[in-house]
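Note sheet for the following structure.
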Amino acid sequence: MMWPVVLYVSVWLFRIYLVRSALRGPRFHGPDWCFDCRVPPGFYEREGRDILRALRLRILAPLPFETAIGAVLWWDGHWIAALAVQAFVYIAAPFYHAAVLRGQARRAWQYAIFDEPPASGVAVSLSPRRLADYAQPWLERTLTGAITVSVILLAVAFTHPDPHENLTTMVFGPCVALYACLGLALLKRAIVSWRISVTPAVQPELFTEWQDSCRRLFAMMCDYLRTETVSALLGWSVLQAWPTLWHWRSYVMLGPVLSVCLLGAIPLFLAERRLLPLTRNLKAVTSRWRPSAAPPPEGRFYLLGRVCSEPEEDQVLVRGPRGMALNTASRRTRLYMAYLAGWPALVVVMLMSRV
Amino acid sequence: MFLTVDTNDRRPVYQQIADGIKALIARGQLAEGMALPSVRQVAGDLGVNLNTVAAAYRELQDEQLIAIKPGSGAVVASRTAVRKPEELETSLRTALLNLVLSGVSPAHIRTLVAQQLRELGNPPKGVER
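Residue numbers (our numbering), protein chains in the order written: chain A, 3 to 357; chain B, 10 to 138.
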């Protein structure tokens, strides 16, 4: 029973590291800076205080809930559920932090000061971006092989079911794992096509290198999570095919998951450390650039200021009256919505099959 | 290799994109057969309408500078644009007229033309018609 505690504590340590990094975001470049813009002296005693307060509130607010849910689940003996909740938070946290930091950085730009007039141009790289450039063939082959083996083992188990085993339980877990893999593949595709931020015409090479490194880091995170999911699927399939191994289920099921979790975190951590000097270099770019604060196009209908339908724009998120708005006319938005709708459908199918 | 769009430039965005790609082709930075990003990628990265980028690519395709293959994207087809000689003369005359009307001396115009040609570096063969 020692290893779940070790895993839980490890995930918490990573979580605290992420929280600490996010809270350091505003003053990352120094005391005269707020995110990527230079601010007047005494900024953090005036307007900056609100930005810091809002950032702390948004970043720290989920922590008491996570702690309470985790404590209740551990107390009740549901340690797998506690690990699952913490794993979900661990996956969602970087994306949530990125959104919060971006929102507060946008606020900070209103108070930016410049030594010289900021550049007005934006640049775009003419190098095509393809999903294949962000994929590792050996990893893709390994994952495909592991999924194939899992499906074969499950098929074998399904044809000779254990009379004590619930068929729904046997099939539902793998279905969830495969559907999660599909979602992560979609997410990776979205990350590759994501521009991250408009590239200023000042030293675009520097900015593009940083954007590409961010994109690679997020793509690596998706690969990491896919590997975790597939290793869990493989462990589950082995258990279903050889029920005699059920006694050692902790080792068979969670051994590979734990190994991937800890070993896979090392390249991720190194990639994040490599990103730091690039982020520091951005000072030279952002001190001479101000993002466009152009209002959204007129004549467009917004639902609650956050949803619109603009067929001529392909982006999932477009400029709206309250920041970014979801563009339902985009083919990709519809695909993501259909995918998300699949999750409750999957749960309903499982519940109905139990009845 | 970068394409720059200036919000203070009076030219429409599609024209800036087309002109930027033409300049890169003329300088030899975009060689024949090189792939260009998709219309979706450029529109997404610049945060502009799909039609804006599509119009720029269409202009380049009409001048046979790029070839668009459905499904596989756009590639640089040639370093010489297909345009009528009268059309080229008209463009040159309009540019010279604007310079003269702005009070620029003929000597300075020659210097400017020479400078622009120098910036283009190695002009492709077949430009002198």
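Glycine residues also receive a C-beta, built at the ideal position from the N, C-alpha and C atoms.
Here the structure is a predicted model, which is why all the values come from computation and not from measurement.
7 Å or more divides the Cβ of valine 240(A) from the Cβ of valine 259(A). Judged by DSSP secondary structure, asparagine 107(B) falls outside any beta strand (DSSP E) and instead within the alpha helix (DSSP H) spanning 94-110. In the displayed model, proline 202(A) falls within a strand according to three-state DSSP.
Note on the stretch 31-84 of chain B: whole beta strand (DSSP E) runs with a minimum of 3 residues are 75-78, in chain order.
Ala44, Leu45, Pro46, Ser47, Arg49, Gln50, Val51, Ala52, Gly53, Asp54, Leu55, Gly56, Asn58, Leu59, Asn60: these are the residues of the stretch 43-66 of chain B whose beta carbon lies less than 8 Å from some beta carbon of chain A, given in chain order. Within chain A, the C-beta atoms nearer than 9 Å to that of aspartate 15(B) come from Ala121, Ser122, Gly123, Val124, Ala203, in chain order.
Under the DSSP definition of a beta bridge, tryptophan 35(A) partners with Arg40(A).
Taking a cut-off of 8 Å for Cβ pairs, the stretch 309-316 of chain A and the stretch 235-251 of chain A do not touch, as fewer than three such pairs fall below it. In this structure, the alpha-carbon of leucine 45(B) lies about 12 Å from that of leucine 74(B). For leucine 12(B), at least one C-beta of chain A is nearer than 7 Å to its own C-beta. Using a Cβ-Cβ cut-off of 7 Å, serine 311(A) does not count as an interface residue toward chain B, since no Cβ of chain B sits closer than that to its own. For the stretch 76-148 of chain A, the full-length beta strand (DSSP E) segments reaching 3 residues or more read 123-127 along the chain. DSSP, reduced to helix, strand and coil, places arginine 197(A) outside both helices and strands of the structure shown, so it counts as coil. Assigned with DSSP and collapsed to three states, leucine 15(A) falls in helix. Put simply, the backbone Cα of histidine 80(A) is about 51 Å away from that of leucine 59(B). Pairing valine 13(A) with glutamine 25(B), the inter-Cα distance amounts to about 49 Å.
In this structure, the CA atom of histidine 162(A) is about 38 Å from the CA atom of alanine 267(A). Taken through DSSP and simplified to helix, strand or coil, asparagine 283(A) comes out as helix.
Here cysteine 39(A) has Ala110, Trp111, Ala114, Thr288 as same chain residues with Cβ atoms under 7 Å from its own Cβ, once five neighbours each way along the sequence are excluded. For glutamine 88(A), the closest Cβ of chain B is not nearer than 7 Å. For leucine 62(A), no beta strand (DSSP E) encloses it; the enclosing alpha helix (DSSP H) starts and ends at 49-62. Counting only the Cα atoms, arginine 251(A) lies some 47 Å from glutamine 50(B). The criterion of a C-beta distance shorter than 7 Å is not satisfied by alanine 148(A) and lysine 190(A). Proximity of proline 43(A) to chain B, defined by a Cβ-Cβ separation below 7 Å, is not satisfied. DSSP links methionine 326(A) through a beta bridge to Arg321(A). Around the CB of phenylalanine 45(A), 16 or more other CB atoms lie within 10 Å, so the residue is classed as buried. Listed in chain order, the positions of the stretch 81-95 of chain B with a beta carbon within less than 8 Å of a beta carbon of chain A are Gly82. Closest in alpha carbon position to leucine 227(A), among Ser23(A), Phe30(A), Ala89(A), is Ala89(A). Between the stretch 20-37 of chain B and the stretch 63-71 of chain B there are three or more C-beta pairs closer than 8 Å, enough to call the two in contact.
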